[in-house]
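Chemist: Numbering of the sequence shown is given in my numbering, commencing with residue 750 and proceeding in unit increments.
Just so it is clear, CB atoms sit at the ideal spot from N, CA and C, and this is done for glycine as well.
Please read all numbers here as calculations on a predicted model, not as lab measurements.
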Amino acid sequence: MLSNRPRFAVDEMLGTLARWLRIMGYDATYEKDHNDDEIIKAAMPQGRIVLTRDRELAARMAEMGLYIHSDRLEEQLRQVWQEFGLKPDQDLARCTVCNGELQPMEAEKAKDKVPEGVFLMNHEFFQCQSCGKVYWRGTHWLNIKKRLAFLDPGQSL
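Here you go:
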């Protein structure tokens, strides 16, 4: 993993944003059911930038926090993308469930872990090293790419 990529701690008001940052290849913890002090305590030692809809928490984090203005996902992604110069990278995508790192997996090992049709139509599979969830680039991948295209029309995911 590239060490110069920002790492995020995302508060519970921004769970969907956390998931999409993971799809883009960014390490983004989801701080659900944690109070502000717990979020700060977890984020600071790891050098994580706290993304929040809580103005007070963002202020407490100073340069290591960002208040997210909108409650619309596209605007949230655009704000974070502009603030930190994010570059989506499909090869660094993370588990959308637990934030674990994805590693390529042999197709035969995926056979019993995915629907038969998925196995027959795909040759490339990835598995989360933390929770074991299996991923593939099916038709949903095109929808993901389209949804992120607004960030930088010249860039491909």
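Roughly how many angstroms separate the alpha carbons of Q831 and K781, rounded to a whole number?
Modeler: For the purposes of this step, residue 831 is taken as residue 82 along the sequence shown, with counting starting at 1. For the purposes of this step, residue 781 is taken as residue 32 along the sequence shown, with counting starting at 1. Here the alpha carbon of Q831 sits roughly 25 Å from the alpha carbon of K781.
Chemist: Where do the ends of the alpha helix (DSSP H) carrying A808 lie?
Modeler: Walking along the sequence shown from the start, residue 808 turns up at place 59. Unbroken alpha helix (DSSP H) run through A808: 804-810.
Chemist: Please name the residue, chosen from A859, P755, W769, F875, that lies closest to L869 on a Cα-to-Cα basis.
Modeler: Position 120 of the sequence shown holds residue 869. Measuring from the Cα of L869, the nearest candidate turns out to be A859.
Chemist: Between L751 and the rest of its own chain, which residues show a CB-CB distance below 6 Å, the 5 nearest in sequence each way excluded?
Modeler: As a first step, residue 751 must be located in the sequence shown, where it is residue number 2. Only weak support is given to the placement of L751: the predicted model assigns it a pLDDT of 44, under 50, and the question is left unresolved by the model.
Chemist: Report the rounded CA-to-CA distance for A811 versus D785, giving the unit in angstroms.
Modeler: Counted from its first residue, the sequence shown places residue 811 at position 62. Counted from its first residue, the sequence shown places residue 785 at position 36. Straight-line Cα distance between these residues: approximately 14 Å.
Chemist: If you run the structure through DSSP and keep just helix, strand and coil, what is T778?
Modeler: Translated into positions along the sequence shown, residue 778 becomes position 29. It is a strand residue.
Chemist: Closest to F875 by C-alpha separation, out of M762, A856, I817, W890, would be which residue?
Modeler: For this step, residue 875 is matched to residue 126 along the sequence shown. Of the listed residues, the one whose Cα sits closest to F875 is A856.
Chemist: If you measure from the beta carbon of K781 to each beta carbon in chain C, is any gap under 7 Å?
Modeler: Any reference to chain C falls outside this structure, which holds one protein chain only.
Chemist: Residues bridged to M854 by DSSP?
Modeler: In the sequence shown, residue 854 corresponds to position 105, counting from 1. Paired residue(s): F874.
Chemist: Can the beta-carbon of N848 be found less than 7 Å from the beta-carbon of T801?
Modeler: The residue you call residue 848 lines up with position 99 of the sequence shown. The residue you call residue 801 lines up with position 52 of the sequence shown. No, these two residues do not count as a Cβ contact at 7 Å.
Chemist: In the DSSP assignment, what are the bridge partners of L815?
Modeler: Locating residue 815 in the sequence shown gives position 66, where the first residue counts as 1. BP columns for L815 point to L800.
Chemist: Going by C-alpha distance, which of M773, V883, A758 is nearest K894?
Modeler: The sequence position of residue 894 within the sequence shown is 145, counting from 1. Ranking the options by Cα distance to K894, first place goes to M773.
Chemist: Look at the Cβ atom of A907, then the Cβ atom of I788, and state whether they are nearer than 7 Å.
Modeler: This structure cannot settle anything about residue 907, because the visible part of the chain is limited to 750 through 906.
Chemist: Rounded to a whole number of angstroms, what is the C-alpha to C-alpha distance between N753 and G796?
Modeler: Working through the sequence shown from its first residue, we reach residue 753 at position 4. Working through the sequence shown from its first residue, we reach residue 796 at position 47. About 11 Å.
Chemist: DSSP beta-bridge partners for V759?
Modeler: Counted from its first residue, the sequence shown places residue 759 at position 10. BP columns for V759 point to Y779, L800.
Chemist: Could you check the C-alpha separation between L841 and E823 for me, to the nearest Å?
Modeler: Translated into positions along the sequence shown, residue 841 becomes position 92. Translated into positions along the sequence shown, residue 823 becomes position 74. Rounded to whole angstroms, L841 to E823 spans 21 Å at the Cα level.
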